[in-house]
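These notes concern the structure reproduced below.
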Amino acid sequence: MAASHSPGPAPRTAGTPVGPGAVAGDVADPAESRPGAQSAASTTYRADLDGLRGVAIALVVVFHIWMGRVSGGVDVFLVLSGFFFTGLLLRRAGSAGSVGVWSTVRRTLRRLLPALVVVLVAVLGAAVVLRPYTQWTDITVQTLASLFYYQNWQLAWTWSDYLAADPSVSPLQHLWSMSVQGQYYLAALLVVAVVTALCRYLGRQGWLRAVLGVVVTVAAAASFVYAAYGTATYQGWNYYDSFARAWELLAGAGLVLAASIRAPARPVRHVLAWSGLVGVVGCGWLIVDGANRFPGPAALLPVGACLALILSGTGLAPEDRPWPNRILATPLARKLGDIAYPLYLWHWPILIFYLAYRDQPRAGLAGGVAIVALSVVLAWCTHRWVEQPLRLRSGAGLTAGGGSPRYRRVAGVVVSAVAVVMVAVTVAWQVLVVEQASVPSALDPVRYPGAEALASGAPVPEARVRPSPLEVSADLPPTTVDGCIADWDTREVVTCTYGDPDAERTLAMAGSSHVEHWLPALQVLAEQHNFRIRTYLKMGCALTLAEDATYNGEAIPDCRDWSRDVIDRLGTERPDWVFTIGTHPRLESGDETPPGYPDVWAALADQDLNVITIRDTPWLRRDGGVPYRAGDCLAFGGTAAGCGMHRIDALDEINPGFEPASYFPNVFPIDLSDAVCTDELCPVVVGNILVYHDEHHLSASFSRSLAGPLGRALHPLLGWW
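Counting from 1, position 402 in the sequence shown corresponds to residue 402 in the UniProt record's numbering; the numbering is continuous, with no gaps.
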């Protein structure tokens with residue numbers, strides 16, 4: 001992070017990371033210090049911006065630990081990153097005629113990687129000790145993604161839920177913003193280098209700012225429109241998307257390029273300063289669902305507040321700046337600014353490991369204070385003994401920065417070696433362990449009776465659990481493997497055929513992945529009784545006609561439109577039966593038939609279609625509604641019963657789908673809960689087979705074992721055997 005600077009108007013002469021991962025160069029170009037030549041970059045050292053990042057990181061930490069939501073602090077960091085890094089490039093281009101691509105890359109990596117490597121190694125070590133081995137795969141994948149700055153895309157691909165921290169969340173999830181910034185640095189470096197070279201070639205060096213201004217304006221406008229659209233359609237992806245986030249960084253870059261901006265009039269400065277400070281501090285309170293709205297138009301609040309604070313102190317000596325800027329320049333705020341980057345790196349994994357260890361969704365007051373204290377101590381140590389020694393060049397400042405030249409060389413070698421070993425270990429785990437795990441294609445029904453152990457009292461001999469906790473993550477229904485389920489970003493209706501393709505009788509499976517996980521059982525029945533299965537599936541999308549369709553609180557209009565198309569297709573293709581889901585778990589306990597389900601049944605009745613609705617299987621939740629994976633629990637020493645749920649907590653005593661289905665002569669509910677749960681308990685291992693693929697989907701192996709109970713339930717309805 002930043003080297004220590006004395007307060008006052010001395011020009012900054014060394015680059016400073018600004019916020020988590022931000023890299024800044026000289027704030028003042030000597031040429032800009034002449035009267036009349038001020039730009040958006042202040043002509044004096046901006047201690048208030050050091051304090052701004054300190055306040056922003058404090059807000060991030062507080063909101064993550066105690067509020068379970070975003071604060072807007074990361075958006076402030078992104079603006080500062082664009083402001084300072086773009087300013088650095090412009091000053092280099094102006095003074096040397098070139099941005100020095102390779103020297104800038106080396107300098108940037110020297111500032112960012114050491115602290116990141118230290119935290120990543122600590123997370124890997126803590127994961128080995130504190131997390132089940134079934135989670136090591138995800139953590140190693142995200143470690144590599146964080147180290148090579150594509151963690152945001154890794155999270156976008158999996159649509160991780162950032163609404164709140166709980167033990168099911170990755171301890172590296174917060175590093176998405178580092179990846180966004182790193183990608184911006186690379187893109188900005190290349191664009192400025194190309195434009196600088198082109199202007200020099202044409203002999204038009206004076207065009208540099210104008211050309212870049214056009215590029216930044218167009219790119220920022222396109223990014224903002226894209227982000228606004230994504231907020232309303234694919235927010236789970238949009239939140240992590242680099243292009244959706246680009247306008248926030250480009251807002252800071254645009255301020256640097258606006259060279260004609262002068263210091264605003266005194267009354268305007270005070271309005272900007274106070275409104276900016278209130279906007280930064282109050283953002284998380286005013287926008288309580290920022291994870292569902294950023295980086296869309298709602299992010300104009302933290303972005304605009306940050307720009308206002310930058311402008312309010314532009315071109316002024318520290319003593320002439322408005323009071324909010326002076327408050328931000330106080331020693332405490334600046335000290336927080338100094339450790340902002342390592343504090344951001346440390347606080348989230350400490351929080352997540354604490355929650356996982358305590359098995360609770362919130363840290364509480366005492367736990368939160370302990371997390372903050374430990375995070376601050378580790379951040380200071382990282383800043384003092386890792387960041388500063390490796391950031392500074394040889395010279396007098398090195399002693400103040402944390403050690404002698406020899407210490408700097410040794411620390412650099414150690415950090416580099418650790419990074420290489422970390423990459424080797426994570427890759428080895430993936431190649432030698434994860435990829436060698438075999439998914440069972442078929443299990444001996446005598447040794448592995450599965451659901452029949454509960455449904456018909458089949459004996460259960462001694463045998464190791466299959467699939468194993470490490471294997472089960474790959475024990476998937478064929479539609480997922482074959483790409484026959486529409487993902488979050490696919491609007492089109494994807495259909496595939498299973499069973500006997502030449503059969504005269506057709507069963508259509510329509511709905512979400514909770515319909516999909518019954519496919520292995522239905523395949524067994526289709527092979528035995530010669531019928532065709534047609535799939536109409538989409539992730540997270542139970543059939544719905546609701547105008548405000550949502551999933552986990554996020555609007556998914558594609559689901560509504562997709563559902564209408566599916567219902568129309570079913571009416572045209574005329575399957576003999578439609579198989580879909582009939583219930584959904586309540587957040588607190590038990591299950592229900594959501595109000596929108598009967599609307600779908602009515603629409604299918606209008607198409608004169610017969611419908612089978614199956615009761616959903618229990619979703620694994622601990623006290624407080626925290627999800628957990630069966631494989632994780634078993635890998636951490638849990639038992640089939642201990643990792644399960646009490647039936648009364650998972651399911652209502654009577655299938656809630658019975659009553660609404662009674663109003664539709666074409667709807668026939670079935671319930672296989674007794675093949676998954678005993679009267680008292682829903683264990684995670686039944687008949688030597690691991691029931692769950694994750695928190696709430698059946699493993700393909702257990703689904704196949706349900707073929708017998710499912711066949712007995714379907715027989716009187718279908719009459720096909």
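Don't be surprised by glycine CBs; every beta carbon is placed ideally from N, CA and C.
If you draw a straight line from the C-alpha of proline 35 to the C-alpha of leucine 316, how long is it? Here residue 35 refers to the residue found at position 35 of the sequence shown. Here residue 316 refers to the residue found at position 316 of the sequence shown. Because proline 35 carries a pLDDT of 31, less than 50, the predicted location of this residue cannot be relied on, and the following value inherits that uncertainty. Those two C-alpha atoms are separated by around 12 angstroms.
Using 8 angstroms for Cβ pairs, my map puts valine 61 next to valine 372. What's the rounded Cβ distance? Counting from one through the sequence shown, the residue named residue 61 turns up at place 61. Counting from one through the sequence shown, the residue named residue 372 turns up at place 372. Right, their Cβ atoms sit about 6 angstroms apart.
Contacts around glycine 625, its chain only, beta-carbon distance under 8 angstroms, and the 5 residues preceding and following it disregarded: Translated into the one-based positions of the sequence shown, residue 625 becomes position 625. These residues qualify, in order along the chain: Pro361, Leu587, Glu588.
What are the residues that DSSP puts in a beta bridge with glutamate 592? Locating residue 592 in the sequence shown gives position 592, where the first residue counts as 1. His584.
For the pair the segment 234-250 and the segment 65-84, tell me if three or more CB-CB distances fall below 8 angstroms. yes
My output table needs one value for alanine 396: the three-state DSSP class, helix, strand or coil. The sequence position of residue 396 within the sequence shown is 396, counting from 1. Legend: pLDDT at alanine 396 = 42, less than 50; position of this residue unreliable, value from coordinates given subsequently. In this structure, alanine 396 counts as coil in the three-state DSSP scheme.
Just the Cα atoms here: how many angstroms apart are asparagine 238 and phenylalanine 294? The residue you call residue 238 lines up with position 238 of the sequence shown. The residue you call residue 294 lines up with position 294 of the sequence shown. Distance between the alpha carbons of asparagine 238 and phenylalanine 294: 8 angstroms.
Spatial neighbours of alanine 463 within its chain, please: C-beta separation below 6 angstroms, excluding the five flanking residues on both sides. By 1-based counting over the sequence shown, the position of residue 463 is 463. Taken in chain order, the residues that qualify are Arg447, Asn688.
Sort Cys633, Tyr407, Ala713, Val427 by Cα distance to leucine 144 and report the nearest one. For this step, residue 144 is matched to residue 144 along the sequence shown. Of the listed residues, the one whose Cα sits closest to leucine 144 is Val427.
Does the beta-carbon of glycine 125 have 16 or more other beta-carbons within 10 angstroms, so that it is buried, or is it exposed? Within the sequence shown, numbered from 1, the residue matching residue 125 stands at position 125. Glycine 125 comes out exposed.
Report yes if the CB atom of valine 121 is closer than 8 angstroms to the CB atom of methionine 422, and no otherwise. For this step, residue 121 is matched to residue 121 along the sequence shown. For this step, residue 422 is matched to residue 422 along the sequence shown. Yes.
Nearest-angstrom Cα separation, counted from isoleucine 533 out to valine 522: As a position in the sequence shown, residue 522 is number 522, starting the count at 1. As a position in the sequence shown, residue 533 is number 533, starting the count at 1. As written in the sequence, residue 522 is leucine, which differs from the valine given in the question. Looking at the two C-alpha atoms, the distance is approximately 8 angstroms.
May I ask you to report which of helix, strand or coil DSSP gives phenylalanine 224? Residue numbering aside, residue 224 sits at position 224 when the sequence shown is read from its first letter. Residue state, collapsed to three classes: helix.
What separation, rounded to the nearest whole angstrom, lies between the Cα atoms of proline 477 and arginine 200? For this step, residue 477 is matched to residue 477 along the sequence shown. For this step, residue 200 is matched to residue 200 along the sequence shown. Proline 477 and arginine 200: Cα-Cα distance of roughly 59 angstroms.
With arginine 532 as the anchor, note down where its beta strand (DSSP E) starts and where it stops. Looking up residue 532 in the sequence shown gives position 532. Segment 532-537, the beta strand (DSSP E) holding arginine 532.
Local conformation of residue 729 per DSSP, three classes: Examination of residue 729 is not possible in this model, given that the chain is present from 1 through 721 alone.
Cα separation between serine 563 and valine 303? Position 563 of the sequence shown holds residue 563. Position 303 of the sequence shown holds residue 303. Those two C-alpha atoms are separated by around 37 angstroms.
Going by CA-CA distance only, name the one from Gly644, His270, Ser177 that's closest to asparagine 152. The residue you call residue 152 lines up with position 152 of the sequence shown. Residue Ser177 is the option with its Cα nearest to asparagine 152.
Under three-state DSSP, which class holds glycine 36? As a position in the sequence shown, residue 36 is number 36, starting the count at 1. With a pLDDT of 33 at glycine 36, under the threshold of 50, the modelled position of this residue cannot be trusted, and the question is left open.
For proline 627, which of helix, strand or coil comes out of DSSP? What you label residue 627 is simply residue 627 of the sequence shown in a count that begins at 1. Proline 627: strand per DSSP, three-state reduction.
Any idea if threonine 535 is buried or exposed, counting beta-carbon neighbours within 10 angstroms, 16 or more meaning buried? For the purposes of this step, residue 535 is taken as residue 535 along the sequence shown, with counting starting at 1. By the neighbour-count rule (16 or more Cβ atoms within 10 Å), threonine 535 is buried.
What residue from Trp429, Leu507, Ser513, Gly590 has the CA that sits closest to threonine 134's CA? In the sequence shown, the residue the question calls residue 134 occupies position 134. Among Trp429, Leu507, Ser513, Gly590, the Cα nearest to that of threonine 134 is on Trp429.
Going by Cα to Cα distance, which pick from Gln173, Val169, Asn530 is closest to glutamine 154? Along the sequence shown, read from residue 1 onward, the residue named residue 154 stands at position 154. The option with the nearest alpha carbon to glutamine 154 is Gln173.
In the DSSP assignment, find the unbroken alpha helix (DSSP H) run with alanine 508 in it and report its ends. To locate residue 508, count along the sequence shown from 1; it is residue 508. Where alanine 508 is concerned, there is no enclosing alpha helix (DSSP H), although the beta strand (DSSP E) it sits in stretches over 506-511.
What did DSSP end up calling alanine 31 once you bin it into helix, strand or coil? Start at 1 with the first residue of the sequence shown, and residue 31 comes out as number 31. Model confidence at alanine 31 stands at a pLDDT of 32, short of 50, so the residue's coordinates are unreliable and nothing is read from them.
When you compare each of His529, Arg560, Ala305, Ile556 to leucine 543 by their alpha carbons, which one comes out closest? Here residue 543 refers to the residue found at position 543 when the sequence shown is read from its first residue. The shortest C-alpha separation from leucine 543 is found at Arg560.
Using a Cβ-Cβ cut-off of 6 angstroms (strictly less than) and excluding sequence neighbours within five positions of proline 585, which residues of its own chain qualify? Counted from its first residue, the sequence shown places residue 585 at position 585. Excluding positions up to five away in sequence, the list reads Asp591, Trp619.
Classify glycine 304 as helix, strand or coil using the three-state DSSP reduction. The sequence position of residue 304 within the sequence shown is 304, counting from 1. Helix at glycine 304.
Rounded C-alpha distance that separates arginine 53 from arginine 384: For the purposes of this step, residue 53 is identified with residue 53 of the sequence shown, where counting begins at 1. For the purposes of this step, residue 384 is identified with residue 384 of the sequence shown, where counting begins at 1. So the alpha carbons of these two residues sit roughly 18 angstroms apart.
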